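Engineer:
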Amino acid sequence: MLSPQYHSPFPLITGYGTVPLLGEGETLQEVEVPADMDRLISRAVHDKDTMSSASVGMSDLSDEILLCILCRVPVCDLVMNVANVCSKLHTLCHDKTLLSKVSLSEEYLADDLLVRHTLRQLASRVQSLSLNGCYWLAGSTVELVSRCRGVTHLDVTGCRLTTPRLSRLLSSLSLLTSLAFDVTACFNLALLGPEAVDSLSRLSELRQTLLTPSYGVVPCCGQLRKLMLQFDIPDVTKEGVGVCCQLMVGQSSVPHYQQLEEFTARLAPGEVNQTLLLLYLAVFSVHVPKRLRVFLVSIPGPNPTHWPAAPSLAQSLSRRGDLVALQLPRSWLDGLSLKAALEGNSPKHLSFSRCPALWPQVFQSLLEGGVEDAAQLLSLNLSGINQVVYSECRSADDHLAPWTMSRLAVGCFNVKHLNLMHTHYHHQNSNQGDDAHLCASLATLRNLRSLTLPACALSDGLNSHQSATNSAFSSALFLGLKKTPRVGLQNYRPDSRSPPSGDSTSALARLLTGCPLLETLEVIGPGFVSVLPRLEPCGRAYVEPRGMCAWARGVGDAHLAALEALPRLHRLTLAGLPGVLKGTGLVQLARQCKDLQVLSLANLGSLKAMNYTPALLDTLKQCTQLQDLRLEQPHLNANASFFEALSCCSRLQRLCLISRGGTFDPSAAGTFMERCSHVIMCHMFMGGTLVACRTLQKHLQDRFSADRSALSVVVYPLQHEDLPSVIRDIPLTLLDRITLFQSHVAQPPHLSPL
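At position 33 of the sequence shown the residue is numbered 128 (this note's numbering), and the sequence of numbers has no breaks.
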């Protein structure tokens, strides 16, 4: 038996209150109990038999309480450590409620040997198993899943799995009903054995991540009810389009969806991906599945390929009245088709990302009875729904109207996820009061959990200095004779009693008071485009250049400090905010939001110099719960002071630094990695020579890979011509999670387990 030396990088439970797992006099590990366990714990503590004891021993806790605690323990800890403590814990750790549904997705310290041992323990018990994103496991280890004969739901997305191994795995899992895996360049459907094909014929749920033009296993899955596709094929040459067209040579290879209820597709940029998607949808032009109730298609870029069958799909969705979710690219539907699709339905998820032509129909359907019950709506994506590309001369009708959003909040009061990225709202405080502000309208959404806002929506308006500067700026644009003056704001001081003139946060404060349950907040400047785009390849073609929106410049340190009113905040994204000068608001925010786990900062303040470095270092020292950090700034100096402050984030797991002119200290980076033993991802795309970057990457890999089997280290010059090929070699789960900038609010599921 393996020696129980494995220790999880996470505490057993997060919350408050502690009890030792063992009896008096000895402890295995302190376990924090969540808040909802207070009643049960209090009952045990005040029991007559335990009143005289200063602590609660294991024997004093009921099986119900222990199971609630153990369900938070990583499965590797259960079978390797906790189960070996005593006979009672051994029995509880093998309870079917703990081992029937298992996920190893983020157990980064679980190497091949440990996973092999764990799979042997789970063989006769597990029914749902997820290895999603376990890119570090060997293919032979993944193949051991075939011993788990009772598995009905299996997710091996991101794992190393050849077609022969997939065939042997499918042949052993005769009860399988749900499968998720990657279709790689070496995939060959002809190599699947007859037993594997038989297992595929019984699948009801399938998710494929396509890394090469292929139908995958879809032609073998005649009983599918749920199909999720992620197209991530590199668009290196146009030759791929011809390869895609060859897939339809044999009619037997064309997918048919007789039982399909849910169809989800998410595309990476590229003509190949769009062409392949249309081949998957070819059968829809002949016959739309009668039971279809979820149709989500996400295509990046401004000009998605037109799909002629979209109107007939809309008509089919309107006949039954059971539509759950809908997302279509801008060129696929017109206003009449959209009205037909929504009429008589009560959808839960709607996305109209970058569909300006549908602007009137969207609100008419949601506000004027176009849907059966708007209160059923939980997720709404209105990203980029403005009618025209932004300009200084755009009319007020092209902005988000607060009265419209107010009516939307009344009718769709159960919305939990709202995305307004790439939109505009400009509040003229001279003519309107706080009640007419967009933030006041959004404040009525009491159930809101995640929100993406354009930066200009947080501004209370322009003061006279900003208005004059903006006029000069516009003149300079037209005349081309004057250099654009830098717009400055007064620094925010945490101890000041009143905000400086022109830097009011009253509207933002009202939003935060009305939405106290917010856990995810993204504030993104309307013109921000990351230097590492993938889902936004043509961003500059349809999003205005940074700095054109004067209202966004009015969002500064005081606004960031006001975010301290969100005690539940877990994820925060701030991007394209030129008004943040010193970053003092970040410090105030970090002191109060103790549970902040994901932080993404990009292009704050001036792009010529990084003026908020001191505040950033103080902020990092406060973020003791931080797990993910993405920092994108043109002139980032990752020196010894930076990495020393970053070392205070003791729970940090993933780090991504992006800086065109940035520098790094190799010695300080090594010291940081040694101090933060939980870091399994270190991606640095900065300045410097290729030799210096490769030297640091090799040093970190050689030094820490032995103890961190999941370690992913990429250090590469940001402006190097070979960077795209380097990006393609990074595990997709890490790219989507942190490396590539993208909104995570009101998005269709693409990497979540089936």
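All residues carry an ideal CB built from backbone N, CA and C; glycine is no exception. What you are looking at is a predicted structure, and each value in this text was computed from that prediction instead of being measured.
To which residues of the same chain is N734 closer than 7 Å at the C-beta, ignoring the five residues directly before and after it?
Structural biologist: As a first step, residue 734 must be located in the sequence shown, where it is residue number 639. So the qualifying residues of the chain are D760 and A763.
Engineer: For the beta strand (DSSP E) containing T52, name the first residue and the last one.
Structural biologist: Examination of residue 52 is not possible in this model, given that the chain is present from 96 through 849 alone.
Engineer: Rounded to whole angstroms, what is the Cα-Cα separation between C243 and G651?
Structural biologist: The count along the sequence shown starts at 1 and reaches residue 243 at position 148. The count along the sequence shown starts at 1 and reaches residue 651 at position 556. About 55 Å.
Engineer: Look at F623 and G671 and say whether their C-beta atoms are less than 7 Å apart.
Structural biologist: As a first step, residue 623 is located in the sequence shown; it is residue number 528 there, counting from the start. As a first step, residue 671 is located in the sequence shown; it is residue number 576 there, counting from the start. For F623 and G671, yes; Cβs fall inside 7 Å.
Engineer: Would you tell me roughly how many angstroms separate the C-alpha atoms of T679 and A656, rounded to the nearest one?
Structural biologist: Residue 679 sits at position 584 when you count from the first residue of the sequence shown. Residue 656 sits at position 561 when you count from the first residue of the sequence shown. Taking the straight line joining both Cα atoms gives about 8 Å.
Engineer: Please state the DSSP three-state secondary structure of D723.
Structural biologist: Here residue 723 refers to the residue found at position 628 when the sequence shown is read from its first residue. Three-state result, D723: strand.
Engineer: Starting from M781, trace the beta strand (DSSP E) in both directions and tell me its first and last residue.
Structural biologist: Taking the sequence shown and counting its residues from 1, the one referred to as residue 781 is at position 686. Looking at the DSSP string, the run of the beta strand (DSSP E) that includes M781 is M776 to M781.
Engineer: Could you tell me which of F390, L239, P424 and Q796 sits nearest to G396, measuring between CA atoms?
Structural biologist: As a first step, residue 396 must be located in the sequence shown, where it is residue number 301. Ranking the options by Cα distance to G396, first place goes to P424.
Engineer: What does a CB cutoff of less than 7 Å around F379 pick up in its chain, not counting 5 residues either side in sequence?
Structural biologist: Walking along the sequence shown from the start, residue 379 turns up at place 284. Sequence-distant Cβ neighbours of F379 in its own chain, meaning closer than 7 Å and more than five residues away, are A404 and L408.
Engineer: In the DSSP output, what is M323 paired with across the bridge?
Structural biologist: On the sequence shown, residue 323 is found 228 positions in, with the first residue counted as 1. Paired residue(s): R302 and T359.
Engineer: The alpha helix (DSSP H) with Y375 in it runs from where to where?
Structural biologist: Locating residue 375 in the sequence shown gives position 280, counting from the first residue. Per DSSP, Y375 belongs to the alpha helix (DSSP H) from E366 to Y375.
Engineer: Rounded to whole angstroms, how far is the Cβ of G288 from the Cβ of D330, which I believe are closer than 8 Å?
Structural biologist: On the sequence shown, residue 288 is found 193 positions in, with the first residue counted as 1. On the sequence shown, residue 330 is found 235 positions in, with the first residue counted as 1. Wrong, their Cβ atoms sit about 34 Å apart, outside the cutoff.
Engineer: If you follow the alpha helix (DSSP H) that T258 is in, where does it begin and where does it stop?
Structural biologist: The residue you call residue 258 lines up with position 163 of the sequence shown. First-last of the alpha helix (DSSP H) with T258: T258 to S267.
Engineer: Taking the beta strand (DSSP E) that I164 falls in, what are its first and last residues?
Structural biologist: Working through the sequence shown from its first residue, we reach residue 164 at position 69. No beta strand (DSSP E) contains I164, which is instead part of the alpha helix (DSSP H) from D158 to L165.
Engineer: Output needed for L472: all residues of its chain with C-beta closer than 7 Å, excluding positions within five of it in sequence on either side, in chain order.
Structural biologist: Taking the first residue of the sequence shown as 1, we reach residue 472 at position 377. Correct list, in chain order: P442, K443, L445, C507, N509 and V510.
Engineer: Kindly indicate which three-state DSSP category H444 falls into: helix, strand or coil?
Structural biologist: Mapped onto the sequence shown, residue 444 falls at position 349. H444 falls in the strand class under three-state DSSP.
Engineer: Reducing DSSP to helix, strand and coil, say where V392 ends up.
Structural biologist: Position 297 of the sequence shown, counting from 1, holds the residue named residue 392. Three-state DSSP puts V392 in a strand.
Engineer: Rounding to the nearest angstrom, what Cα-Cα distance links A280 and A504 in this structure?
Structural biologist: On the sequence shown, residue 280 is found 185 positions in, with the first residue counted as 1. On the sequence shown, residue 504 is found 409 positions in, with the first residue counted as 1. Spanning the two alpha carbons is a distance of roughly 47 Å.
Engineer: Please classify G120 as buried or exposed, where buried requires at least 16 neighbouring CB atoms within 10 angstroms.
Structural biologist: Within the sequence shown, residue 120 is the residue found at index 25, counting from 1. Residue confidence for G120 is low, a pLDDT of 37 falling below 50, so the modelled location carries little weight and cannot support an answer.
Engineer: Can you check which of these residues, S701, K703 and L681, is closest to L715 by C-alpha distance?
Structural biologist: For the purposes of this step, residue 715 is taken as the residue at position 620 of the sequence shown. When only C-alpha atoms are compared, the closest one is L681.
Engineer: Going by DSSP in three states, Y352 sits in which element: helix, strand or coil?
Structural biologist: The residue labelled residue 352 in the question sits at position 257 within the sequence shown. In this structure, Y352 counts as coil in the three-state DSSP scheme.
Engineer: When the distance is taken between beta carbons, is Q796 closer than 7 Å to V810?
Structural biologist: The residue labelled residue 810 in the question sits at position 715 within the sequence shown. The residue labelled residue 796 in the question sits at position 701 within the sequence shown. No Cβ-Cβ contact shorter than 7 Å links V810 with Q796.
Engineer: To the nearest angstrom, how far is the alpha carbon of H773 from that of L747?
Structural biologist: Numbered from 1 along the sequence shown, position 678 holds the residue referred to as residue 773. Numbered from 1 along the sequence shown, position 652 holds the residue referred to as residue 747. Between H773 and L747, the C-alpha separation is close to 6 Å.
Engineer: Which residues does DSSP pair with Q422 in a beta bridge?
Structural biologist: What you label residue 422 is simply residue 327 of the sequence shown in a count that begins at 1. DSSP, once it has assigned bridges, lists L391 and S446 as partnering Q422.
Engineer: For T332, does the count of other Cβ atoms within 10 angstroms reach 16, so buried, or fall short, so exposed?
Structural biologist: The sequence position of residue 332 within the sequence shown is 237, counting from 1. The pLDDT assigned to T332 is 45, lower than 50, so where the model puts this residue is not dependable; a value taken from the coordinates is nonetheless given after this. Per the 10 Å Cβ criterion, exposed.
Engineer: From V221 to E356, what does the alpha carbon distance come to, in whole angstroms?
Structural biologist: If you number the sequence shown from 1, residue 221 lands on position 126. If you number the sequence shown from 1, residue 356 lands on position 261. Their Cα atoms are separated by approximately 27 Å.
Engineer: I need the straight-line Cα distance from L162 to R502, nearest angstrom please.
Structural biologist: Taking the sequence shown and counting its residues from 1, one reaches residue 162 at position 67. Taking the sequence shown and counting its residues from 1, one reaches residue 502 at position 407. Across the structure, L162 and R502 are spaced so that their CA atoms are roughly 46 Å apart.
Engineer: With H, G and I counted as helix, E and B as strand and the rest as coil, what does DSSP make of H91?
Structural biologist: For residue 91 there is no data in the structure shown, the boundaries of the chain being 96 and 849.
Engineer: Can you tell me which of the three DSSP states P812 falls into?
Structural biologist: Taking the first residue of the sequence shown as 1, we reach residue 812 at position 717. Residue state, collapsed to three classes: strand.
Engineer: For V693, write down the residues that DSSP places opposite it in a beta bridge.
Structural biologist: Here residue 693 refers to the residue found at position 598 when the sequence shown is read from its first residue. Its beta-bridge partners are R666 and D723.
Engineer: For K196, which three-state DSSP category applies?
Structural biologist: In the sequence shown, counting from the first residue as 1, residue 196 sits at position 101. Three-state result, K196: strand.
Engineer: Does DSSP put F379 in a helix, a strand or coil?
Structural biologist: Along the sequence shown, read from residue 1 onward, the residue named residue 379 stands at position 284. Looking at F379 - three-state DSSP - the assignment turns out to be helix.
Engineer: Comparing alpha-carbon positions, which option in L298, L274, S262 and T272 lies nearest A285?
Structural biologist: Looking up residue 285 in the sequence shown gives position 190. It is S262 whose Cα lies nearest to the Cα of A285.
Engineer: Among the candidates L184, V197 and D817, whose CA atom is the shortest distance from the CA of V857?
Structural biologist: Here the chain has residues from 96 to 849 only, and residue 857 is not among them.
Engineer: Closest to E617 by CA distance: which of N476, C644, P819 and V840 is it?
Structural biologist: Here residue 617 corresponds to residue number 522 of the sequence shown, with the count starting at 1. Residue V840 holds the alpha-carbon nearest to the alpha-carbon of E617 among N476, C644, P819 and V840.
Engineer: Tell me, to the nearest whole angstrom, how far the beta carbon of G234 is from that of R211; I am working on the premise that it is less than 8 Å.
Structural biologist: Numbered from its first residue, the sequence shown carries residue 234 at position 139. Numbered from its first residue, the sequence shown carries residue 211 at position 116. With a Cβ gap of about 13 Å, G234 and R211 do not count as contacting.
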